[in-house]
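Protein chains in written order, with the working numbering: chain A, -16 to 109; chain B, 127 to 316.
Structure below.
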C-alpha cells in the first residue's frame, strides 16, 4: 500500500496519508484560492483506499486556518471517509482546535452534524 | 502628480489604516498581504482569538475580490486606468485599519450593474439571519454539493457574517450605465 505526502506551504496544509496503517493527517493552513485542485490527489487516493481500507482508520485534522473554499473540499474528504465507515471499517476523526478558538471548534461541530462518522474534539494549548 | 499626498496621508492616519492597496488582486499579492498582516498582528501582540478572527475574515474578503471582481474597460467614467495590460483590466481597493478597538476591513470593486440586484438580495438575506440561522444556513450551503466555477461555493459572505457577528455593511454606486462600484465595510470588534 502506498503513502501520500504533501508538504505544507503558507497557503496549503501538510497532508500525510499512510494507507498501510490507515493514518491520515491534515495539518497547517488551508487557504488556497483554488482548493479543488489542491485536494484532488487526496480525494482520488481516498477513492482507491475505499476499495481496500484498513479495519481502523484514524484521521487527525489540525488546522490553524481554513478558508470557505477549502471547507467544501474538506467536506468531500469526510464524505469519502463516511462511505468507508458505512462499508464497515471503523473511522475516527480527531478534530484539533486551539484553546479559545471557538470558530475552529464550531467548524468541527458543523462537520460533525453533517457527517455520520465519530468525531472527537480535542483542545490543544495555543 | 495631481494628488494631494498629505490629504491622503492625513485621512489614513486619522482612520489608523494599517495597510491599503489599489490594483489587481493576484494570488501572489494575497500571499504578501496576508504575510504582512500576520506579522503586524504579531507585533501588536493581539490576542490569539482576535488575531485568528481578523486573519480569517481578511482571507475571505480578499479572496472575494480575487474571485468575483468584474473586469472593466480601460477607460471608465472619464478616467483612464493605467494598471495592467490589455483592453480590460481588473482593479479593486482594499484597506484595513484599527480604530476604537475595532478592526475595519474595507473593500471596493467594480461589478456589472446587471448583477447588483442578485448580490444585494443575497447580502440582505444574510443580514436578516440570527446567529443560529446563520449557522444552519452555512451548513446547508456547505452541504448542497455545489461548487461555483470560481471555487467559492457561496460560503464567503455567510462566513464573514458568522465570524464577525455583525451585519454586512455594503454600498453600491452606479459608475455609468454598465458598471457599479461595490463597497463592503466589515467590522471586527474585540
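Cβ atoms here follow ideal geometry from the backbone N, Cα and C, with glycine treated the same way.
Contacts of residue i in chain A (Cβ-Cβ under 7 angstroms)
i              : result
residue 186(B) : 50, 51
residue 285(B) : 51
residue 289(B) : 86
residue 235(B) : Result: empty, since nearest Cβ-Cβ is about 16 angstroms, beyond 7 angstroms.
residue 296(B) : Result: empty, since nearest Cβ-Cβ is about 18 angstroms, beyond 7 angstroms.
Contacting residues, own chain, Cβ-Cβ under 7 angstroms from residue i (five flanking each side not counted)
i              : result
residue 186(B) : 282, 285, 286
residue 182(B) : 289
residue 268(B) : 281
residue 179(B) : 289, 314
Coarse secondary structure for residue i, derived from DSSP in three states
i              : result
residue 14(A)  : coil
residue 311(B) : strand
residue 186(B) : helix
residue 95(A)  : helix
residue 227(B) : coil
residue 148(B) : strand
residue 46(A)  : strand
residue 199(B) : strand
residue 108(A) : coil
residue 239(B) : helix
residue 103(A) : strand
residue 89(A)  : helix
residue 294(B) : coil
residue 213(B) : coil
residue 8(A)   : strand
7 angstroms Cβ cut-off: residues of chain B touching residue i
i              : result
residue 54(A)  : 268, 281
residue 124(A) : The question about residue 124(A) has no answer, for chain A in this structure spans -16 to 109.
residue 106(A) : Per Cβ cutoff of 7 angstroms: no residues; residue 106(A) is ~13 angstroms from chain B at best.
Limits of the unbroken beta strand (DSSP E) element including residue i
i              : result
residue 268(B) : That residue, residue 268(B), is in no beta strand (DSSP E); its alpha helix (DSSP H) goes 257 to 268.
residue 162(B) : Counting along the chain, residue 162(B) falls outside any beta strand (DSSP E), though it belongs to the alpha helix (DSSP H) covering 153 to 169.
residue -3(A)  : -3 to 1
residue -14(A) : -14 to -11
residue 35(A)  : Neither: residue 35(A) is in no beta strand (DSSP E) and is coded neither H nor E.
residue -6(A)  : From DSSP, residue -6(A) is part of no beta strand (DSSP E); its letter is neither H nor E.
Expected contact under 8 angstroms - CB spacing of residue i and residue j to nearest Å
i              : j              : result
residue 83(A)  : residue 265(B) : Rounded, the Cβ-Cβ distance is 23 angstroms, inconsistent with contact.
residue 237(B) : residue 196(B) : 5 angstroms
residue 48(A)  : residue 76(A)  : The Cβ separation is near 19 angstroms, so there is no contact.
residue 96(A)  : residue 66(A)  : In fact, because the Cβ distance is near 18 angstroms, the residues do not count as touching under 8 angstroms.
residue 231(B) : residue 312(B) : 4 angstroms
residue 60(A)  : residue 25(A)  : 6 angstroms
residue 163(B) : residue 252(B) : About 25 angstroms; that fails the 8 angstroms criterion.
residue 146(B) : residue 242(B) : Wrong, their Cβ atoms sit about 25 angstroms apart, outside the cutoff.
Cross-chain neighbours of residue i in chain A, by beta carbon under 9 angstroms
i              : result
residue 153(B) : -6, 15, 16, 17
residue 189(B) : 14, 16, 50, 51, 52
residue 161(B) : -7
residue 192(B) : 16
Own chain partners of residue i with C-beta closer than 6 angstroms, once the 5 adjacent residues on each side are dropped
i              : result
residue 44(A)  : 9, 78
residue 188(B) : 156
residue 219(B) : 148, 234
residue 11(A)  : -9, -4, -3
residue 167(B) : 177
residue 73(A)  : 39
residue 7(A)   : 0, 42
Range of the contiguous alpha helix (DSSP H) that encloses residue i
i              : result
residue 112(A) : Only positions -16 to 109 of chain A appear in this structure, which leaves residue 112(A) out of reach.
residue 253(B) : 242 to 253
residue 81(A)  : Where residue 81(A) is concerned, there is no enclosing alpha helix (DSSP H), although the beta strand (DSSP E) it sits in stretches over 73 to 81.
residue 137(B) : 131 to 140
residue 289(B) : 282 to 290
Partners in chain B for residue i, counting only beta-carbon separations shorter than 8 angstroms
i              : result
residue 109(A) : 174
residue 96(A)  : 265
residue 58(A)  : 268, 269
Per-residue contacts from residue i into chain B (C-beta, under 9 angstroms)
i            : result
residue 1(A) : Correct list: empty, because the minimum Cβ distance to chain B is about 28 angstroms.
Residue i CB to nearest heavy atom of the ligand MG below 7 angstroms
i              : result
residue 197(B) : Questions concerning the ligand MG fall outside what the structure shown contains, since it holds no ligand whatsoever.
Under 8 angstroms from the C-beta of residue i: neighbouring residues of chain A
i              : result
residue 179(B) : 86
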